[in-house]
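S.K.: Below you will find the structure I want to go over with you.
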Amino acid sequence: MGLEDLSGDVVTLLDALKIEKCVFIGHSMGGRTALYTALTNPDRIEELILVDSSPGPLSGSRFTERGPIMAYVKAMQQVNWDGAKSLSVARKMADEQLQDSVPSLSIRQFILTNVTEKSPGTFGWRVNLDAILRHMGCNFNAFGMNNTNKYEGRTLFIAGGLSQYIRYEDYPNIQRLFPNYSITHIPDSGHWVHSEKPAEFLSTVKSFLKPEKISLF
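Each residue of the sequence shown is one higher than the last, beginning at 1 in the UniProt record's numbering.
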C-alpha cells in the first residue's frame, strides 16, 4: 500500500472513467497520494488542493508529533459490534466505544462513515485497518531531494490552524516541488479540517477553483 500503488489506483480510475484531466483534492494520506500523482502524472492534474497534507517528512518521532492517527486506528480495531442489529445501531455502538480515544465529536462522525455491513448482521470497517498500520511509514521519503520532478500547476495547501501536518520547515520543499503554490490556514481547526470547519473549508475551496471548472451547488 505504498504511494506508487495508491497513485496507480487513481490513474487507473481516471482511465476507467475516461477522465483525461481533473482537479485533485486529497486529505492527509490522500493528499500525499495527490502530491505523488501530480509529480508523476502532471498531465492528468489540472489543479491540486491538499488538505492538511504536505511533502514534508513523516518518519519517527516527527510523525508521532503530527497527530494521533495511529491511536485512532488502534482504537477502531478494538470496537466490538456484538449484538448490533442494524447499521445505525452499529455506528452508535462504535461511537460510544471510541469516545475516550477520539474525544472530538466531529472526528468521530467522520470515522463512523467507515462503518459498513459486510454481510447481513455482520458489521465492520470499510477500510483495512491492519494494512494502514503496517504501511503507515511507507514512502515518507518519496518527496526528498532525490525527487527532481515538479508540478507547475496551481496548487493550494489548506492547513488546520491547530494542526502540525504542514510546518514552516516544509515550505522550501513545497516551493521546490510545487512552485505555483499558495497556503491557507483555517483557524481553530485540527487535522480533519473539512469535518471540523466545513463552511470555512468549502469557502476556501470555492474561492480557489475557477467557476467554470466546477459547480458545487
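Positions of the beta carbon are idealized from the N, C-alpha and C atoms, including for glycine.
Keep in mind it's a predicted model, so treat the numbers as computed, not measured.
With DSSP collapsed to three states, give me the class of Thr113.
M.R.: Residue state, collapsed to three classes: coil.
S.K.: Going by CA-CA distance only, name the one from Gln78, Val102, Val79, Thr122 that's closest to Leu87.
M.R.: The candidate whose alpha carbon is nearest that of Leu87 is Thr122.
S.K.: Which of the three DSSP states, helix, strand or coil, is assigned to Ser61?
M.R.: Bear in mind that the predicted position of Ser61 carries a pLDDT of just 40, short of 50, making it unreliable; the figure below should be weighed with that in mind. Looking at Ser61 - three-state DSSP - the assignment turns out to be helix.
S.K.: If you count every other CB in all the chains shown that lies within 10 Å of the CB of Val127, and 16 or more means buried, which is it?
M.R.: Flag for Val127 reads exposed.
S.K.: Can you check whether the CB of Ala75 is closer than 7 Å to the CB of Leu98?
M.R.: Against a cut-off of 7 Å, the Cβ pair of Ala75 and Leu98 comes out as a contact.
S.K.: Check whether the stretch 109-124 and the stretch 164-175 are in contact - that is, three or more C-beta pairs closer than 8 Å.
M.R.: Contact fails: fewer than three Cβ-Cβ distances are below 8 Å.
S.K.: Taking the alpha helix (DSSP H) that His191 belongs to, which residues open and close that run?
M.R.: Where His191 is concerned, there is no enclosing alpha helix (DSSP H), given that its DSSP letter is neither H nor E.
S.K.: Kindly indicate which three-state DSSP category Phe208 falls into: helix, strand or coil?
M.R.: Correct three-state label for Phe208: helix.
S.K.: Helix, strand or coil for Thr148? Go by DSSP, reduced to three states.
M.R.: The answer is coil: DSSP assigns Thr148 none of H, G, I, E or B.
S.K.: Report the CB separation of Trp192 from Ile132 in whole angstroms; it is logged as a contact under 8 Å.
M.R.: That belief does not hold up - the Cβ atoms of Trp192 and Ile132 are roughly 16 Å apart, past 8 Å.
S.K.: Pairing CB atoms from the stretch 148-166 with CB atoms from the stretch 181-197, are three or more of them under 8 Å?
M.R.: Enough Cβ pairs lie closer than 8 Å, so yes.
S.K.: What residue range does the beta strand (DSSP E) around Leu17 cover?
M.R.: Segment: none, Leu17 is in no beta strand (DSSP E) and carries neither H nor E.
S.K.: Mapping the DSSP letters down to three states, classify Ala199 as helix, strand or coil.
M.R.: Residue state, collapsed to three classes: helix.
S.K.: If distances are taken between C-alpha atoms only, which option among Leu177, Asp5, Lys21, Thr12 comes closest to Asp43?
M.R.: When only C-alpha atoms are compared, the closest one is Lys21.
S.K.: Give the DSSP-derived three-state secondary structure of Ile174 in the structure shown.
M.R.: Helix at Ile174.
S.K.: Ordered along the chain, which non-local residues of its own chain (more than five positions away) have a Cβ less than 7 Å from that of residue 225?
M.R.: The displayed coordinates of the chain run from 1 to 217. Any statement about residue 225 would go beyond what the structure contains.
S.K.: To the nearest angstrom, how far is it from the Cα of Glu152 to the Cα of His194?
M.R.: When rounded, the distance between both Cα atoms is 25 Å.
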